[in-house]
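A short worksheet on the structure shown next.
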Amino acid sequence: MYLQNLQQDEIFVPSEMKSLKSLTQMESRRGLENAIISNGKIVNVVSNSYGHIPNQLFFKKAEEMLTDAQLNFHKRTINKNDRSFITDFIIDDKSQFTVKNDEDLILPMLRFKNSYDGSEKTSGHFGFYREVCSNGLHVSQVEIEFSIKHSKNNTHLIMPRLKNLFDKFLTNEFYTITKNFDKMKEFKIIDIQEFVKAILHRTKLFRYECSDKNSGPSKKSREVIEILNYEALLLNEEPNLWLGYNAFNSVLHNVLKKSFGQQERLDKKLFDEVYAMA
């Protein structure tokens, strides 16, 4: 089962904030007095007023929220170069949905992000987890608000009550958006290559052609086509817009070198463009 084989990177790597002067024996200019060190590497330079939020504080607080809300969950953790980190909590309870195929299960997911290099805001949002290919779908609009104080020697996290937020998500978005998933499944793709070309023309995610002199599909385009065909075969159904969106989503998250925030923005754009064809 996919939920038993989720990615489990080490996210609780050693981290600290140290003055640059103590490291270099040199004066630093105002606003760049301290270094954030993650797993033995300098990953950011910050001011004296900055408060470092270690993963141990943030992600463990997030997990306490789910435990307090009495939600059953599976956990996936991703560490990008000891600089940016996520924990996905995939909610495994009665709140689940199948996309017109009992094998195509969608579960609610909460994603929490933190970074030591400043590339990601300390944040959380709701999304979806698709079990068939372990895809995370970030088309939800529900953000999780935190009160975070980034001040030196006084870093606090005030977390919201998750139960109310989760109930709101289920009521307002989960079942609404999953109906859109069903609608996408109803629209068959007649020409897969033309579909891939059209979406890439709209999103500029990457180039469809190999080169100016070779109009055949590029390696990434071929990968989208292969995933789409494979899932259609796996689920015993014809290629459709839902499978097309997920094929792009898979390449976006597993092949393209994008930050977590870029992945989420591009995921929403992909969803909107594919859904517009329905």
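Positions in the sequence shown are counted from 1; adding 14 to them yields the numbering used here.
Glycine residues also receive a C-beta, built at the ideal position from the N, C-alpha and C atoms.
Computed from a predicted model, the values in this text were never measured in an experiment.
Residue j beta carbon less than 8 angstroms from that of residue i
i	j	result
Phe72	Leu184	no
Val238	Ala261	yes
Ser273	Glu157	no
Phe126	Ala76	yes
Leu219	Leu280	yes
Thr217	Leu270	no
Glu24	Asn93	yes
Leu17	His88	yes
Thr91	Thr81	no
Tyr130	Ser29	yes
Spatial distance of residue i from residue j (CA atoms)
i	j	result
Leu34	Arg43	10 angstroms
Glu251	Glu145	17 angstroms
Tyr289	Leu214	14 angstroms
Val59	Glu245	45 angstroms
Leu85	Tyr222	42 angstroms
Leu46	Gln277	29 angstroms
Thr136	Ala83	21 angstroms
Asp107	Gln70	26 angstroms
Lys234	Val210	10 angstroms
Asn194	Asn228	36 angstroms
His66	Met79	21 angstroms
Lys182	Ser232	42 angstroms
Gly138	Lys177	14 angstroms
Proximal residues to residue i (C-beta, below 7 angstroms), its chain only, five neighbours per side dropped
i	result
Met291	Phe201 and Leu255
Ser264	Cys147, Asn149 and Ile241
Lys55	Asp96
Gly275	Glu134
Lys32	Asn48, Ala49 and Ile51
Tyr259	Met198, Leu284, Phe285 and Val288
Beta-carbon contacts of residue i that lie in its chain and below 8 angstroms, excluding the five residues immediately before and after
i	result
Asn243	Ile206 and Pro253
Val27	Ser52, Asn53, Asn69, Asn93 and Asp96
Beta-carbon proximity list for residue i, same chain, < 6 angstroms, skipping 5 on both sides
i	result
Ser154	Phe140, Gly141 and Glu187
Val57	Ile50, Arg97, Tyr130 and Asp131
Burial state of residue i, where buried means 16 or more other Cβ atoms lie within 10 Å
i	result
Asn268	exposed
Thr190	exposed
Met15	Only weak support is given to the placement of Met15: the predicted model assigns it a pLDDT of 49, under 50, and the value that follows is read from those uncertain coordinates. Met15 should be labelled exposed.
Glu41	exposed
Arg175	exposed
Ser61	exposed
Leu248	exposed
Asp118	buried
Gly230	exposed
Ser98	buried
Phe103	buried
Ile6	Residue 6 cannot be examined here, being either before or after the span of the chain that is shown, 15 to 292.
Which residues DSSP lists as bridging residue i, in chain order
i	result
Arg236	None; Arg236 has no bridge partner.
Arg6	What is shown of the chain runs 15 to 292, which leaves residue 6 out entirely.
Ile120	Phe111 and Arg144
Asn93	Phe99
Met31	Ile50
Gly150	Tyr143
Closer than 7 angstroms: residue i CB and nearest the ligand NAP heavy atom
i	result
Lys75	Within the structure as shown, the ligand NAP is missing, as the structure has no ligands at all.
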